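Comments concern the structure below.
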Amino acid sequence: MAHPVVKTLAAALLAVGLGTGAAQAAGEAKHPKDVEWSHSGPFGTYDRPSVQRGLQVYQQVCASCHGLRFVAFRNLQAIGFSEPQVKAIAAEYTITDGPNDAGDMFERPGKDFDYFPEPFPNDKAAAAANGGVAPPDLSLMSKARPNGDNYLYSLLTGYGESETAGEEHGCSATNYYNPYFSGGCIAMPPPLAEGLVEYADGTEATTEQMAHDVTAFLAWAAEPKMEERKQLGWKVMLFLIVLSVLLYLAKRQIWGRLH
């Protein structure tokens, strides 16, 4: 388990980078890496173990600054968690509820019907804690950019081996070079480091593995009904094919009688 200070720092840095992150140099961003995702394509499905690990990365690295406002705890059953597991995950969070009979707000452990709580009480508080910029909510981050999954993965792994500021690339002394970020200069130091997360399933937590897993989780968070949509699409296509055949046979029979 990563130290709380490390988790908070990493989350704060990720907030700046995935938000607006200061770009000091002009120029086009490098095209994202071409990553193979299990959920891509017409037959694609989510890799549930990877998505579950991505949730762990979100909780330990991102959640201190980034919200996930459109995802309810009960939705986590769709990625393989049992109902008791979901309730246990929800109970780890403190939810502000109310008012009670006295008209006061109160705090309680999270329930499975709750949504992931916001890390800050409001946008101004979030901006004040993060250099003047409120960290973006991550619920739809995978859809926020074209080729979003590849972009997120590329950004998180695009710093290379150097963890020094990117002055040699024309960046300011406080910025870092990342060719996948617009302008190439980003205020966020590398948010992921080897072993930052201790995976519950024993998977080795390399930077690439964590970037892949959290991207898979954010892809699911942005489109949790993707698999159902694809299944429905194939059913509709099959229905249309059968209907077309029947209509063709009916046409031949009708016109055959006329001739």
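Mapping of the sequence shown onto mature numbering (1 follows the signal peptide of the UniProt record, and there is no 0): residues -25 to -1, 1 to 234, in sequence order. Even glycine gets a Cβ: it sits at the ideal position worked out from N, Cα and C. The model shown is predicted, which means the values in this text are computed figures rather than measured ones.
Beta carbon of residue i nearer than 8 Å to that of residue j
| i | j | result |
| --- | --- | --- |
| residue 124 | residue 12 | yes |
| residue 32 | residue 176 | no |
| residue 27 | residue 54 | yes |
| residue 93 | residue 42 | yes |
| residue 48 | residue 87 | yes |
| residue 89 | residue 65 | yes |
| residue 167 | residue 182 | yes |
| residue 16 | residue 191 | no |
| residue 52 | residue 46 | no |
| residue 201 | residue 14 | yes |
| residue 84 | residue 69 | yes |
| residue 104 | residue 91 | no |
Exposure label - residue i; buried when at least 16 CB within 10 Å
| i | result |
| --- | --- |
| residue 122 | exposed |
| residue 18 | exposed |
| residue 110 | buried |
| residue 5 | exposed |
| residue 211 | exposed |
| residue 56 | buried |
| residue 131 | buried |
| residue 225 | exposed |
| residue 230 | exposed |
| residue 63 | exposed |
| residue -5 | In this prediction, residue -5 scores a pLDDT of 43, lower than 50, which makes its location untrustworthy; the coordinate-derived value is nonetheless stated afterwards. Classification of residue -5: buried, given that the 10 Å Cβ count is 16 or more. |
| residue 106 | exposed |
| residue 208 | exposed |
| residue 138 | Unreliable placement is indicated for residue 138, whose pLDDT of 49 sits below 50; the coordinate value is still reported in the next sentence. Under this definition residue 138 is an exposed residue. |
| residue 78 | exposed |
| residue 223 | exposed |
Presumed contact (8 Å Cβ cut-off) between residue i and residue j, rounded CB distance
| i | j | result |
| --- | --- | --- |
| residue 126 | residue 151 | The Cβ separation is near 17 Å, so there is no contact. |
| residue 8 | residue 129 | 5 Å |
| residue 153 | residue 170 | So it is not a contact: roughly 21 Å between Cβ atoms. |
| residue 204 | residue 114 | Rounded, the Cβ-Cβ distance is 18 Å, inconsistent with contact. |
| residue 102 | residue 108 | 6 Å |
| residue 197 | residue 117 | 4 Å |
| request: Count the CB pairs spanning the region 8 to 25 and the region 65 to 75 that are closer than 8 Å, and state whether there are at least three. | output: no
Margin query: Between the region 155 to 175 and the region 207 to 220, can you find at least three pairs of beta-carbon atoms closer than 8 Å?
Written below: no
Beta strand (DSSP E) runs wholly inside the region 81 to 140, at least 3 long, in chain order: 81 to 84
field: beta strand (DSSP E) segments (min. 3 residues) lying fully within the region 15 to 90
entry: 69 to 72, 81 to 84
What ranges does the alpha helix (DSSP H) occupy inside the region 164 to 192, keeping only unbroken runs of at least 4 residues that lie completely in it?
none
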